[in-house]
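Student: Below you will find the structure I want to go over with you.
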Amino acid sequence: MSKIKLRKIDDYRWLIPKEGKMRTEGLIYASEKMLEEIEEDQSILQVKNVATMPGIVGRSLAMPDIHWGYGFPIGGVAAFDEEEGVISPGGVGYDINCGVRLLRSNLTRKDIEGKLEELVDALFRNVPSGVGSHRRDLKLDKNQERKVLLKGAQWAVEQGFGKWEDLIHIEEGGCIKGADPDLVSEKALERGRAQLGTLGSGNHFVEIGYVKEIFDEKLASALGLFKDQITITIHTGSRGLGHQICDDFIKVMNKAVEKYGIELPDRQLCCAPIKSPEGRDYFAAMACAANFAFANRQMITHWVRETFEEVLKASPRALGLELVYDVCHNIAKFEVHKVNGKERRLCVHRKGATRAFPPGHPDLPKDYQETGQPVLIPGDMGRYSYVLVGTQRAMEETFGSTCHGAGRVLSRHQAKKTAGARSVAEELRRKGIYIRAASRSTMVEEVPEAYKDVADVVEVVHNAGLSKKVAKLMPLGVIKG
Amino acid sequence: MGFSFLNHTADVQIKVWAESLEALFEESAYALFSLITNLEKVTPKEALFIEVEGKDYEELLVSWLNELLYHHEVKNMLFSHFKVLELALPFLRAEIKGEPFSSEKHEILTPIKAVTYHNLKIRKTGKGFEVEIILDI
Numbered sequence: 001m002s003k004i005k006l007r008k009i010d011d012y013r014w015l016i017p018k019e020g021k022m023r024t025e026g027l028i029y030a031s032e033k034m035l036e037e038i039e040e041d042q043s044i045l046q047v048k049n050v051a052t053m054p055g056i057v058g059r060s061l062a063m064p065d066i067h068w069g070y071g072f073p074i075g076g077v078a079a080f081d082e083e084e085g086v087i088s089p090g091g092v093g094y095d096i097n098c099g100v101r102l103l104r105s106n107l108t109r110k111d112i113e114g115k116l117e118e119l120v121d122a123l124f125r126n127v128p129s130g131v132g133s134h135r136r137d138l139k140l141d142k143n144q145e146r147k148v149l150l151k152g153a154q155w156a157v158e159q160g161f162g163k164w165e166d167l168i169h170i171e172e173g174g175c176i177k178g179a180d181p182d183l184v185s186e187k188a189l190e191r192g193r194a195q196l197g198t199l200g201s202g203n204h205f206v207e208i209g210y211v212k213e214i215f216d217e218k219l220a221s222a223l224g225l226f227k228d229q230i231t232i233t234i235h236t237g238s239r240g241l242g243h244q245i246c247d248d249f250i251k252v253m254n255k256a257v258e259k260y261g262i263e264l265p266d267r268q269l270c271c272a273p274i275k276s277p278e279g280r281d282y283f284a285a286m287a288c289a290a291n292f293a294f295a296n297r298q299m300i301t302h303w304v305r306e307t308f309e310e311v312l313k314a315s316p317r318a319l320g321l322e323l324v325y326d327v328c329h330n331i332a333k334f335e336v337h338k339v340n341g342k343e344r345r346l347c348v349h350r351k352g353a354t355r356a357f358p359p360g361h362p363d364l365p366k367d368y369q370e371t372g373q374p375v376l377i378p379g380d381m382g383r384y385s386y387v388l389v390g391t392q393r394a395m396e397e398t399f400g401s402t403c404h405g406a407g408r409v410l411s412r413h414q415a416k417k418t419a420g421a422r423s424v425a426e427e428l429r430r431k432g433i434y435i436r437a438a439s440r441s442t443m444v445e446e447v448p449e450a451y452k453d454v455a456d457v458v459e460v461v462h463n464a465g466l467s468k469k470v471a472k473l474m475p476l477g478v479i480k481g
Numbered sequence: 482m483g484f485s486f487l488n489h490t491a492d493v494q495i496k497v498w499a500e501s502l503e504a505l506f507e508e509s510a511y512a513l514f515s516l517i518t519n520l521e522k523v524t525p526k527e528a529l530f531i532e533v534e535g536k537d538y539e540e541l542l543v544s545w546l547n548e549l550l551y552h553h554e555v556k557n558m559l560f561s562h563f564k565v566l567e568l569a570l571p572f573l574r575a576e577i578k579g580e581p582f583s584s585e586k587h588e589i590l591t592p593i594k595a596v597t598y599h600n601l602k603i604r605k606t607g608k609g610f611e612v613e614i615i616l617d618i
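Those protein sequences? They're chains A and B, same order as listed. Under this note's numbering, the letters of the first sequence match residues 1 to 481, in that order. Under this note's numbering, the letters of the second sequence match residues 482 to 618, in that order.
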């Protein structure tokens with residue numbers, strides 16, 4: 001379908017030459033085999049479209065888990081000059097600060113033998129998932145909600161959800177500065193109040209897994225990971241609050257595009273100059289949603305800890321459920337990057353991409369100064385996930401970014417057809433994975449065939465030098481919305 | 482008047498066609514909610530009035546559908562009946578009917594995050610209007 005010419009740079013890099021209205025080149029990270037699949041949809045065209053946006057710095061980038069999104073491709077990374085560039089809600093997506101956090105433990109697989117089902121069932125009870133569910137013991141008034149939007153995970157810790165040490169291991173310390181709740185609509189606030197502390201549906205999950213394989217002993221041990229160790233992965237975002245903020249600001253940006261005379265190939269790319277009132281307002285509202293998502297993952301972490309304490313009748317100290325790291329994968333942030341030898345402050349959009357800062361970066365906590373930033377790459381339901389670390393090469397080539405997950409290859413509709421009347425839960429059970437889902441339908445949409453093999457995706461970013469493999473995790477139990 | 486689902490890797494794409502713009506808006510809403518749940522099981526017993534604005538028909542369509550998602554989410558309701566009362570730029574007024582979600586009666590098939598503007602263009606055809614809508618799910 002796609003007739004766009006790509007120029008091979010090496011086995012993992014494919015250049016889209018500048019043509020037409022493109023202001024810069026596009027660059028796709030993929031293996032030759034993956035490229036065939038990528039070429040089947042419109043995602044390469046989307047990389048080109050992003051390259052036409054005003055003030056783009058460096059190339060319009062796509063990670064190997066690229067797939068056809070709306071506006072920006074999913075797996076897209078683009079940086080814009082703070083003075084001349086634009087900021088775009090379509091470059092972040094509806095689920096603002098959708099992200100992943102990983103907890104490690106002092107437990108091994110043996111320690112939870114015979115307890116897995118009980119743990120998963122208790123998690124399913126304690127972490128609200130699916131449409132309309134929420135914790136009965138959580139009531140949020142408007143005033144408190146404003147504090148959530150301003151302070152993010154810090155608010156959650158102040159309220160007793162987790163510990164202050166957790167914040168050190170969250171991107172941006174769990175709070176993006178510059179949030180302004182006054183710029184968030186009543187509707188968004190209303191959606192947020194009912195949904196703080198909920199997992200949501202679709203591909204969001206909490207997974208109990210174990211460390212199956214270690215690729216780098218030294219790095220793994222610095223991250224506190226060891227073979228057969230029990231881990232917990234939490235994947236969720238800013239819920240309806242983020243969706244509403246994105247939708248509200250797309251309308252603002254549609255007007256801004258006319259006001260500032262910005263020419264775009266797709267309406268979903270609508271944007272405004274970073275320094276314009278519309279651009280500043282979007283950033284301040286987006287930061288609110290990002291903070292909401294950080295608080296959300298922090299609260300769920302607390303309930304995960306409580307659940308383990310309750311089911312295993314063990315103390316927090318004995319369990320050792322410590323935060324390895326928490327990353328965003330739908331976000332726009334101001335960061336300093338070296339461009340042609342000069343340091344510049346850029347607005348980096350990552351839509352379905354993860355920050356992957358190298359060892360020695362000033363934004364990393366002390367204990368990760370030597371390892372580089374931990375990067376968490378969840379696979380599809382029932383397959384495996386990866387822990388990686390950021391590299392200098394990523395800093396030089398991709399504004400310190402890497403992939404975010406497996407990336408779909410089948411539409412949800414095709415997935416449902418493929419799965420037909422199969423019992424996905426039963427199939428997973430035979431593989432030793434126990435799953436509880438609020439809806440059978442969302443489970444079917446997430447069948448393994450619907451995704452690229454995350455191992456292929458990770459192989460590309462590892463071999464291209466954008467991040468380094470540390471460990472592979474296997475799922476044991478999952479709860480889903 | 483009708484709709485069909487097209488393949489889109491990450492999300493869902495719906496194609497909707499109808500004889501008039503009003504019917505196109507109603508049918509799009511019906512398509513959206515038929516993705517969310519089995520509409521045969523939704524009784525139209527509670528009514529709501531909706532009013533949205535948009536600078537053109539495309540923006541109005543997205544605003545209308547996202548407004549429905551907003552009510553679905555905050556009121557925890559499912560809707561199966563959509564009647565456009567007035568459609569004149571920049572306004573749309575409509576009456577929608579449905580009932581509260583009940584886990585015993587209804588199943589959520591596909592939860593939807595938002596309706597997007599990606600490649601959105603309402604086209605005039607010989608028989609009326611058609612549009613392809615991409616949803617973020």
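We put the beta carbon where it would ideally sit given N, CA and C, even for glycine.
Helix, strand or coil, according to DSSP, for residue 332 of chain A in the structure here?
Tutor: strand
Student: With a threshold of 9 Å between beta-carbons, can residue 512 of chain B be considered close to chain A, or not?
Tutor: no
Student: Beta-carbon of residue 613 of chain B versus every beta-carbon of chain A: anything under 9 Å?
Tutor: no
Student: May I ask you to list the residues that DSSP assigns as paired with residue 393 of chain A?
Tutor: Per DSSP, none; premise fails for residue 393 of chain A.
Student: Just checking my contact of residue 123 of chain A with residue 479 of chain A at CB under 8 Å: how many whole Å lie between their CB atoms?
Tutor: 5 Å
Student: Taking buried to mean at least 16 other C-beta atoms within 10 Å of its own C-beta, is residue 236 of chain A buried or exposed?
Tutor: buried
Student: Assign residue 583 of chain B to buried or exposed, taking buried as 16 or more other Cβ atoms, counted over all protein chains shown, within 10 Å of its Cβ.
Tutor: exposed
Student: DSSP beta-bridge partners for residue 402 of chain A?
Tutor: BP columns for residue 402 of chain A point to A/354.
Student: Does any CB atom of chain A fall closer than 9 Å to the CB of residue 536 of chain B?
Tutor: yes
Student: Along chain A, which residues have their Cβ under 7 Å away from the Cβ of residue 575 of chain B?
Tutor: Ordered by position in chain A, no residue passes the 7 Å Cβ test against residue 575 of chain B, which lies about 17 Å from the chain.
Student: Report the residue from B/487, B/599, B/538 whose alpha carbon sits nearest the alpha carbon of residue 610 of chain B.
Tutor: B/538
Student: With the cut-off set at 9 Å, would you say residue 406 of chain A and residue 374 of chain A are in Cβ contact?
Tutor: no
Student: Is it buried or exposed for residue 275 of chain A, if we count other Cβ within 10 angstroms and need 16 for buried?
Tutor: exposed
Student: State yes or no: is the beta carbon of residue 500 of chain B nearer than 9 Å to at least one beta carbon in chain A?
Tutor: no
Student: For residue 603 of chain B, name the three-state secondary structure that DSSP assigns.
Tutor: If DSSP states are grouped into helix, strand and coil, residue 603 of chain B belongs with coil.
Student: Please list the terminal residues of the continuous beta strand (DSSP E) segment that includes residue 56 of chain A.
Tutor: Per DSSP, the unbroken beta strand (DSSP E) holding residue 56 of chain A starts and ends at 56-70.
Student: Beta-carbon within less than 6 Å of residue 299 of chain A's beta-carbon, same chain only, minus the 5 sequence neighbours each way: which residues are those?
Tutor: Same-chain partners within the cutoff: 156, 161, 197.
Student: Establish whether the CB of residue 591 of chain B and some CB of chain A are separated by less than 9 Å.
Tutor: yes
Student: Check for me: the alpha helix (DSSP H) holding residue 242 of chain A runs from which residue to which?
Tutor: Residues 239-259.
Student: Helix or strand or just coil, what does DSSP make of residue 485 of chain B?
Tutor: Here residue 485 of chain B carries a strand assignment [DSSP, helix/strand/coil].
Student: Out of A/350, A/470, A/457, which has the shortest C-alpha to C-alpha gap to residue 389 of chain A?
Tutor: The shortest Cα separation from residue 389 of chain A among A/350, A/470, A/457 belongs to A/470.
Student: Is it true that the segment 216-224 of chain A meets the segment 355-371 of chain A, where meeting means three or more beta-carbon pairs spaced less than 8 Å apart?
Tutor: The segment 216-224 of chain A makes contact with the segment 355-371 of chain A; the number of CB pairs closer than 8 Å reaches 3 or more.
Student: To the nearest angstrom, how far is the alpha carbon of residue 504 of chain B from that of residue 71 of chain A?
Tutor: 27 Å
Student: Which residue's Cα is closest to the Cα of residue 231 of chain A: A/281, A/119, A/444?
Tutor: A/119
Student: At a CB distance below 8 Å, what residues from the segment 355-388 of chain A approach chain B? Give them in sequence order.
Tutor: For the segment 355-388 of chain A, which is checked against every Cβ of chain B, not one residue is closer than 8 Å.
Student: What does the Cβ neighbour count give for residue 487 of chain B, buried or exposed, with the cut at 16 atoms within 10 Å?
Tutor: Residue 487 of chain B counts as exposed, since fewer than 16 other C-beta atoms from the protein chains shown sit within 10 angstroms of its C-beta.
Student: Can you say whether residue 305 of chain A is buried or exposed, counting buried as having 16 or more other CB atoms within 10 angstroms of its CB?
Tutor: buried
Student: Between the segment 498-518 of chain B and the segment 576-591 of chain B, can you find at least three pairs of beta-carbon atoms closer than 8 Å?
Tutor: yes
Student: Could you tell me which of A/262, A/360, A/127 sits nearest to residue 308 of chain A, measuring between CA atoms?
Tutor: A/127
Student: How many angstroms separate the CA atom of residue 436 of chain A from the CA atom of residue 46 of chain A?
Tutor: 36 Å
Student: With 16 as the cutoff for other CB atoms within 10 Å, does residue 80 of chain A come out buried or exposed?
Tutor: buried
Student: If you measure between the beta carbons of residue 53 of chain A and residue 404 of chain A, is that distance less than 9 Å?
Tutor: Using a Cβ distance threshold of 9 Å, residue 53 of chain A and residue 404 of chain A do not count as a contacting pair.
Student: Name the DSSP beta bridge partners of residue 13 of chain A, please?
Tutor: A/10, A/29
Student: As a quick exercise: from A/10, A/207, A/187, pick the residue whose alpha carbon is nearest that of residue 473 of chain A.
Tutor: A/207
Student: Would you please state the rounded distance, in angstroms, between the beta carbons of residue 115 of chain A and residue 312 of chain A? I believe it to be under 8 Å.
Tutor: With a Cβ gap of about 6 Å, residue 115 of chain A and residue 312 of chain A count as contacting.
Student: Going by DSSP, which residues form a beta bridge with residue 558 of chain B?
Tutor: B/581
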